[in-house]
């Protein structure tokens, strides 16, 4: 193990303020809108001249994406960064990697910094795999001789040897991730910053990447890792920093951080969905309500293993090609299963006069007793429109799957209807 | 574990947001902190990333004419067609004087550096906006982006220049000893292009209005540069003042160095050189001032 005394990252009082658009105006008449459009350039120019805004994107409202964040990380530590959407995880990594400057405070980084914040940015689709390795390596700050020396290793790790001289526009998304991660990991930085990028690859490669990150850490290098996958985080990290609304909520062992995070996820459930701001997506439509019932009686939310369940998602508008996806997670944040309305089945009903609700009905809920949360994504117009973590939390009570009680072992989440036979000899 | 030492009196000042050798294991310390106001352009960092600059140039050249039928011929089609049109309308119809040279070569010799400049300005001004994704997700010296785009145009310039040499042979014009000055005028063209590109690319990030003014700007600039007509049309005090347009100095210098026109380097050239350098230095400072906001605004 590397010596744990050397400082690797020191962050003090770090803050980042963003200027975002003011509240959306609503126009009652077309003439109002036209007048506003016509006068807007003069208003904006006036603002610029008076020094109230520095660019066309500067408007009235300011938010602190990161505020008063301080921590120290020693060389060789693997730290997981946890938090809900908009908690400041990505902003923190952007500041650390130098993409954007903080508004206040500072961060000192010791040694070379390699970052992988998004897969494939920096790749040029028209160039071949080999050419992109050279280009991407140079973007990450590697010298040409160094990249060429490691080329074979990078290619072998990414498992793309057959496609090395194919333009990457013909690559699958999995190959993209593999190549990007491979180049970044072989940079041998003293500090590796990884945003949630591994989610794209297949399981086998994810495991391989985690192994590589472990190697990086064993070699005394520091890894900062953002993920929503609590299982992976707990596997990989010793320490966790849980960010909430831009500030450090918990800084401790990864278990402490994950626990704190999951607790607050459950708390947000009581919040009114339409008031939540920790959401992603375009926002032409928003999820405004969810309802989890056991189908038979409208009011009860008492779900039982093996019994029917009904998930209702209310939205505030309609866009073309709208769909609803939701994902079920268990209490330790492991993903259990997903539902996607656009993947059609023969029993689906399609109403041409679609309303503002998506209803998903299950005849048999195959979840074992316990607490679960659901993350909901609304897609439409070929874009992610809305994404909310922990849009609802529900409890499943003891029940029977086709007459069979759930097995008593607590560590599993799913029960399947099945039958045993003991064939005669 | 959280005994963060907050320095009394706020954040300790570092001279530059740069690499400072520090105690732990002699690793380089990089400090991320707010940068406000004017600061020195990051030329040192640019030098450290010179291989990246080279790669960007190489990439731009490699993909510039992908999926076009005419391919690299576009590099010479543009100036040649402009020359044909100028020769017909200004040379033949309007009988614009051409310093005693055949009008086609008179205008083409000016169009070669001009096309380099106009292409550089058009492409570089969009360079950061087009790579918004990269700027937002990866750190690399932002200066490399517009500079590489300008440098990639050098290939086009060389091709158009070869055509110019062919035309000189055709007209039986041999360069004089003046040709030794040519590198100076090439450098002047390059510095002018870089200066304008730094200004426009950084401005375009903040104000997309810029990209709508580019076609208009290049067209206007084309006519205030002595390309279709000679600067000898102007009497002397005005001719020196004409150098305020650095491309005027470049174009007349080119003609003198290659074709032996009566426009030897003089006060106008000096004015052009000073203006070009001013554009470049101020552009670099403006870029430095704006670059920390690029990722937030794009």
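Protein chains in written order, with this note's numbering: chain A, 4 to 428; chain B, 12 to 309.
Cβ atoms here follow ideal geometry from the backbone N, Cα and C, with glycine treated the same way.
Check the Cβ-Cβ distances between residue i and every residue of chain B, and say whether any is below 8 Å.
i              : result
residue 136(A) : no
residue 321(A) : no
residue 230(A) : no
residue 256(A) : no
residue 112(A) : yes
residue 80(A)  : no
residue 426(A) : no
residue 127(A) : yes
residue 102(A) : yes
residue 116(A) : yes
residue 182(A) : no
residue 98(A)  : yes
residue 105(A) : yes
residue 225(A) : no
residue 141(A) : yes
residue 375(A) : no
residue 387(A) : no
residue 130(A) : yes
residue 124(A) : yes
Identify whether residue i lies in helix, strand or coil by the three-state DSSP scheme.
i              : result
residue 248(A) : coil
residue 27(A)  : Here residue 27(A) scores only 41 on pLDDT, less than 50, and its place in the model is too uncertain to base an answer on.
residue 420(A) : coil
residue 321(A) : coil
residue 39(B)  : strand
residue 375(A) : strand
residue 302(A) : With a pLDDT of 49 at residue 302(A), under the threshold of 50, the modelled position of this residue cannot be trusted; read the value that follows with caution. Note: residue 302(A) maps to coil in three-state DSSP.
residue 291(A) : strand
residue 307(A) : strand
residue 70(A)  : strand
residue 111(A) : strand
residue 253(B) : helix
residue 231(A) : coil
residue 281(A) : coil
residue 313(A) : strand
Could you tell me how far apart the beta carbons of residue i and residue j are, in whole angstroms, since I believe they sit closer than 8 Å?
i              : j              : result
residue 193(A) : residue 113(A) : 7 Å
residue 246(A) : residue 90(A)  : 4 Å
residue 82(A)  : residue 17(A)  : At roughly 15 Å, the Cβ-Cβ gap does not stay under 8 Å, so residue 82(A) and residue 17(A) are not in contact.
residue 85(B)  : residue 258(B) : Not really, about 22 Å apart at Cβ, beyond 8 Å.
residue 190(B) : residue 268(B) : 5 Å
residue 318(A) : residue 289(A) : 7 Å
residue 222(B) : residue 137(B) : 6 Å
residue 241(A) : residue 256(A) : 7 Å
residue 220(A) : residue 117(A) : In fact, because the Cβ distance is near 13 Å, the residues do not count as touching under 8 Å.
residue 236(B) : residue 262(B) : 6 Å
Would residue i and residue j be called neighbours here (beta carbons separated by less than 8 Å)?
i              : j              : result
residue 73(A)  : residue 196(A) : no
residue 132(B) : residue 211(B) : yes
residue 213(B) : residue 67(B)  : no
residue 401(A) : residue 334(A) : no
residue 391(A) : residue 379(A) : yes
residue 136(A) : residue 154(A) : yes
residue 209(B) : residue 295(B) : yes
residue 198(A) : residue 171(A) : no
residue 242(B) : residue 274(B) : yes
residue 103(A) : residue 110(B) : no
residue 240(B) : residue 54(B)  : no
residue 299(B) : residue 51(B)  : yes
Check whether the Cβ of residue i lies closer than 8 Å to any Cβ atom in chain A.
i              : result
residue 296(B) : no
residue 62(B)  : yes
residue 223(B) : no
residue 106(B) : no
residue 66(B)  : yes
residue 162(B) : no
Cβ-heavy atom distance between residue i and the ligand NAD below 7 Å?
i              : result
residue 263(B) : Of ligands this structure carries none, so the ligand NAD is not represented either.
What residues of chain E sit near residue i, judged by a beta carbon separation below 7 Å?
i              : result
residue 121(A) : Here the protein chains are A and B, and chain E is not one of them.
Report task. Give, in chain order, every residue of the segment 39 to 53 of chain B whose Cβ lies closer than 8 Å to some Cβ of chain A. Result -> Of all residues in the segment 39 to 53 of chain B, 39, 40, 41, 42, 43, 44, 45, 46 have a Cβ within less than 8 Å of some Cβ in chain A.
Query raised in the report: Name the residues in the segment 143 to 172 of chain A whose C-beta lies less than 8 Å from a C-beta of chain B; which are they?
Result: So the close ones are 143, 144, 146, 147.
Requested in this report: Using a Cβ-Cβ cut-off of less than 9 Å, list which residues of the segment 327 to 348 of chain A approach chain B; keep chain order.
Outcome: Here the close residues number zero.
**Report entry** Interfacial residues, the segment 68 to 87 of chain B to chain A, with Cβ spacing under 9 Å
**Finding:** Those residues of the segment 68 to 87 of chain B that come within reach of chain A (Cβ to Cβ, closer than 9 Å) are 69, 70, 73, 74, 77, 78.
Query raised in the report: Just by C-beta distance, which residues in the segment 137 to 155 of chain B are closer than 8 Å to chain A?
Result: Listed by position, the residues of the segment 137 to 155 of chain B near chain A (Cβ gap below 8 Å) are 144, 145, 146, 147, 148, 149, 150, 151.
Query raised in the report: Closer than 8 Å, Cβ to any Cβ of chain A: which residues of the segment 298 to 309 of chain B, in chain order?
Result: When CB distances to chain A are screened at a threshold of 8 Å, the residues of the segment 298 to 309 of chain B falling below it are 303, 304, 306, 307, 308, in chain order.
Report task. Report the residues of the segment 67 to 95 of chain A with a CB closer than 8 Å to any CB of chain B, ordered along the chain. Result -> In summary, the residues of the segment 67 to 95 of chain A whose CB is separated from some CB of chain B by less than 8 Å are 73, 74, 75, 78, in the order they occur in the chain.
Requested in this report: Give, in chain order, every residue of the segment 182 to 198 of chain A whose Cβ lies closer than 9 Å to some Cβ of chain B.
Outcome: Of all residues in the segment 182 to 198 of chain A, only 193, 198 come within less than 9 Å of chain B when Cβ atoms are compared, listed by chain position.
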